[in-house]
Amino acid sequence: MEVPFEFTGGQPIGVRKGGIFQQVFHKCSITCLPKHLVSSIQVDIANLDVSQAIHLRDLALEGIEFGVPLDSLVCAVNIPRGKAGETLRESQ
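The structure is reproduced here in structure tokens:
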């Protein structure tokens with residue numbers, strides 16, 4: 001069964017600092033018993049800072065097995081292109 005990811009917590013901290021939120025997965029295949037069935041997988045992104053990411057292994061879902069490897073990236077807040085170099089030059 002495939003279920004969608006639902007991102008909660010509003011805008012991530014890293015986005016407020018100028019980062020870009022990138023969602024890699026929109027839905028994921030899961031296997032579970034009927035008592036563990038969910039209509040969506042909720043992911044709290046409020047505290048996600050710049051250069052941080054959430055992988056499937058970071059999600060604690062009792063009784064649910066994912067159909068992809070646990071090291072799969074779900075979402076991240078990345079530095080916009082050009083910003084990393086500018087920051088590096090400014091600190092020298």
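Residues in the sequence shown are numbered consecutively from 1, following full-length UniProt numbering.
Here a beta-carbon is modelled for each residue, glycine too, at the ideal position from N, C-alpha and C.
Strictly by DSSP, which residues pair up with residue i?
| i | result |
| --- | --- |
| Lys-27 | Pro-4 |
Is residue i helix, strand or coil when you go by DSSP?
| i | result |
| --- | --- |
| Val-15 | helix |
| Val-74 | strand |
| Ile-79 | coil |
Given this structure, state the Cα-to-Cα distance separating residue i from residue j, to the nearest angstrom.
| i | j | result |
| --- | --- | --- |
| Val-50 | Val-15 | 7 Å |
| Ile-41 | Asp-58 | 12 Å |
| Val-77 | Leu-61 | 23 Å |
| Pro-80 | Val-43 | 23 Å |
| Cys-75 | Gly-18 | 16 Å |
| Phe-25 | His-36 | 21 Å |
| Pro-69 | Gly-82 | 32 Å |
| Pro-12 | Gln-23 | 12 Å |
| Gly-67 | Cys-28 | 7 Å |
*Counting only runs of 3+ residues fully inside the region 34-62, write out the beta strand (DSSP E) ranges in chain order.*
Those beta strand (DSSP E) runs which fall completely within the region 34-62 and span 3+ residues are 41-44 and 52-55.
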